[in-house]
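Engineer: Please see the structure below; I have some questions.
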Amino acid sequence: TLPRYGGAAGNTWVISGGSFPSGVSALPEGSRRLNRRVIASGARKGASGFKFADAALLNEAASDDDDAWTAELLVSKDAGKTWTSKYHSQGDFYFNEVSCGSEDNCCAVGEADQGERPGVRIWCTADGGEQWTENLFIGNYTYSLTGMEFVSATEAWASGGIFGDIGPREALFFHTVDAGKTWQQMRFGGLEGLDVYSMTFPTGDSTSGHAVGLTALQDTSELVFQQ
């Protein structure tokens, strides 16, 4: 399993990881071949781009097939000194970004465009990473979620895109105010043709935010959100 994104609040640190099939195969109309958004430098089995301090985690990661769906969440409760795998699956989906609003509340987005459960999902914890639950699942293979950002201990945004035949058709957003227990899809005009990779809210609330959107031509756009 490839480590991909990290989130932290206080002493609770979380790494979301995953991989997906890279081979060419027949895909349903309207779906897209996923591209790895973030890869640690040299992040392959036995490479030097990253390392696990815990040999057991290294062995578990090396046992996965990097050319298959894998998803994993590693949690540290002591600011990175020790790590434990709290969620692992193979053959279903992979994780993108993870974010924490407090030492107890963290959420991660995941996706798959084929397989037994294609679609997007959001997994959350309310106890500092000990238990994780899938609080949102939409079984649509044209949906993609890559960004997750907590604004406060209980408010967070997830971002991505809805894909058409040649690329992103429109931006996709979900919003929660109860630390990820429930999510509401949010729609904004003027964001056609964009896949929103990541977001940030520098003011510490949802009154002002910035995001990065990618077009089918691989051009990037800066998005500014203000209330």
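Residues 1 to 227 in our numbering are what the sequence shown lists, from first letter to last. The beta-carbon is built from N, C-alpha and C at its ideal position, and this holds for glycine as well.
1. On the criterion of 16 or more Cβ atoms from any shown chain inside 10 Å, does M186 qualify as buried, or is it exposed?
2. Would you kindly work out how many angstroms separate the C-alpha atoms of S22 and V224, rounded to a whole number?
3. Let's test the definition: count the other Cβ atoms within 10 Å of the Cβ of E134 and tell me whether it reaches 16, buried, or not, exposed.
4. Under a three-way DSSP split, which group does A171 fall into?
5. According to DSSP, simplified to helix, strand and coil, what is S22?
6. Between S159 and G204, is the Cβ-Cβ spacing less than 9 Å?
7. With H, G and I counted as helix, E and B as strand and the rest as coil, what does DSSP make of D113?
8. Three-state secondary structure (DSSP) at Y141?
9. Straight-line CA distance for L6 to Y87?
10. Are the beta-carbon atoms of P168 and G139 separated by less than 9 Å?
11. With C-beta atoms as the reference, is T154 less than 9 Å away from T176?
12. Using the C-alpha atoms, what's the distance from L2 back to K51?
13. Could you pull the start and end residues of the beta strand (DSSP E) that R4 belongs to?
14. Assuming F150 and G101 make a contact with CB atoms under 8 Å, what is their CB distance in whole Å?
15. In or out: A171 buried (at least 16 other Cβ within 10 Å) or exposed?
16. With H, G and I counted as helix, E and B as strand and the rest as coil, what does DSSP make of W123?
17. Please name the residue or residues paired with S206 in a DSSP beta bridge.
18. Could you check whether V14 and A108 sit closer than 9 Å to each other, using their CB atoms as the reference points?
19. Quick check on DSSP: helix, strand or coil for E149?
20. Where G17 and N96 are concerned, what is the direct C-alpha to C-alpha distance, given to the nearest angstrom?
21. CA-CA distance, G161 and F173?
22. Which first and last residues belong to the beta strand (DSSP E) in which L73 is found?
Structural biologist: On the basis of the data shown:
1. M186 should be labelled exposed.
2. Roughly 33 Å separates the two Cα atoms.
3. Counting the other Cβ atoms within 10 Å of the Cβ of E134 gives fewer than 16, which makes it exposed.
4. In the three-state DSSP reduction, A171 falls in the strand class (E or B).
5. S22: coil per DSSP, three-state reduction.
6. The criterion of a C-beta distance shorter than 9 Å is not satisfied by S159 and G204.
7. Assigned with DSSP and collapsed to three states, D113 falls in coil, not helix or strand.
8. DSSP places Y141 outside both helix and strand once states are collapsed to three, so it counts as coil.
9. Looking at the sequence itself, residue 6 is Gly, so the reference to Leu does not match. Just so you know, the alpha carbons of G6 and Y87 end up roughly 15 Å apart.
10. No.
11. A distance below 9 Å separates the beta carbons of T154 and T176.
12. Per-residue confidence for K51 stands at a pLDDT of 43, beneath the threshold of 50, marking its modelled position as unreliable; the derived number appears in the next sentence. Cα-Cα distance, rounded: 11 Å.
13. Looking at the DSSP string, the run of the beta strand (DSSP E) that includes R4 is 3-9.
14. Right, the Cβ-Cβ distance comes to about 3 Å (below 8 Å), so this counts as a contact.
15. By the 10 Å Cβ count, A171 comes out buried.
16. Three-state DSSP puts W123 in a strand.
17. S206 is not bridged to any residue.
18. Pairing A108 with V14 gives a Cβ-Cβ distance under 9 Å.
19. Collapsing the DSSP output to three states places E149 in a strand.
20. Near 7 Å, if we compare the C-alpha coordinates of N96 and G17.
21. Straight-line Cα distance between these residues: approximately 8 Å.
22. Where L73 is concerned, the enclosing beta strand (DSSP E) stretches over 70-76.
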